[in-house]
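Worksheet: one structure, shown below.
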Amino acid sequence: MSDETLAGADLGEMFGIELETAPAAPLPQRAKRRAATKAPTLRKKPVRDPWITAQELRERTVPQAVVQAWLRKGLMTHSGERGVYVRTAESEALVEEYLAAR
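Residue numbers for the sequence shown, in the working numbering: 111 to 212.
Next comes the structure, spelled out in structure tokens:
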């Protein structure tokens, strides 16, 4: 037999067997796409200088004697420049605590 005659032949009859035809599997459906979720935008902290000056402390009513005491105790750090101190969370807490106590 040639390939052409096999193409249209019923294989069940040809070999003497009964073939059950199963229903064709349904085509997979496309999954619905969800709208892409946006990444949450992070709020930027207000940009502040990494230092605080003696003038700023005076404007916030912190006396120079108190600033000098903090420097001697190591609670506040000099930046290496006269009248300029390193701003940290601890130094901000000191100022807020001082102002709240007044």
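Note that beta-carbon positions come from the ideal geometry of N, C-alpha and C, so glycine has one too.
Secondary structure of residue i, DSSP reduced to three states
| i | result |
| --- | --- |
| VAL172 | coil |
Proximity to residue i [Cα-Cα], best of the options
| i | options | result |
| --- | --- | --- |
| LEU167 | GLY122, ALA203 and ALA146 | ALA203 |
| HIS188 | GLY126, ALA164 and GLU130 | ALA164 |
| ARG192 | GLU200, ALA199, LYS183 and VAL177 | VAL177 |
| ALA199 | GLU128, LEU209, LEU185 and ARG212 | LEU185 |
With 16 other Cβ atoms within 10 Å as the buried cut-off, status of residue i
| i | result |
| --- | --- |
| MET124 | exposed |
| ARG197 | buried |
CB contact flag (residue i, residue j, <8 Å)
| i | j | result |
| --- | --- | --- |
| VAL194 | TRP161 | yes |
Quiz prompt | Three-pair Cβ contact test at 8 Å for the region 133-146 versus the region 167-176 | solution = no
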